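One structure is given here, and the rest of the page talks about it.
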């Protein structure tokens with residue numbers, strides 16, 4: 049099973065947002081917890097998923113095929129940034145969360 053980025057097929061941020069929401073609702077995501085829990089232990093899975101579904105997304109300026117989502121939470125009040133990619137694996141797509149952390 050070869051894993052490929054499909055970012056080239058995403059034509060707009062609206063299309064990206066819709067695709068991310070669909071994949072999250074279908075539970076088609078992988079979170080790389082090793083880095084997140086080591087460096088950002090207060091981030092929860094629910095915050096990551098809510099941030100992906102409801103947050104503001106844009107392409108990463110430095111890495112092609114990578115995206116950033118920001119989401120503001122009210123309890124406790126904080127801003128969380130999520131770095132992710134969209135991958136395809138044998139005709140199936142999923143969101144790969146690279147990292148997530150709290151902005152100051």
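Residue numbers (the working numbering): 49 to 152. By construction, the Cβ of each residue, glycine as well, lies at the ideal position given by its N, Cα and C atoms. On a predicted model such as this, the values are computed, not experimentally measured, just so you know.
{"Query": "On a Cα-Cα basis, can you pick out the residue from 79, 109 and 107 that is closest to residue 95?", "Result": "79"}
{"Query": "Is residue 65 near the ligand SAH, in the sense that its beta carbon is under 7 Å from a heavy atom of that ligand?", "Result": "For the structure depicted, the ligand SAH is absent and the ligand set is empty, with no information on it obtainable."}
{"Query": "Pull up the CB-CB distance for residue 72 and residue 100, whole angstroms please, since I reckon it's below 8 Å.", "Result": "5 Å"}
{"Query": "For residue 71, which three-state DSSP category applies?", "Result": "helix"}
{"Query": "When you compare the CB positions of residue 134 and residue 67, do they come within less than 8 Å of one another, or not?", "Result": "yes"}
{"Query": "From residue 107 to residue 129, what does the alpha carbon distance come to, in whole angstroms?", "Result": "13 Å"}
{"Query": "Near residue 124, which residues of its chain fall below 8 Å by C-beta distance, leaving aside the five closest residues on each side in sequence?", "Result": "none"}
{"Query": "Closer than 6 Å by C-beta to residue 50: which residues in its own chain qualify, once you throw out the five before and the five after it? Chain order, please.", "Result": "For residue 50, the predicted model reports a pLDDT of 45, less than 50, meaning its position is unreliable and no value from the coordinates is stated."}
{"Query": "According to DSSP, what are the bridge partners of residue 118?", "Result": "104 and 129"}
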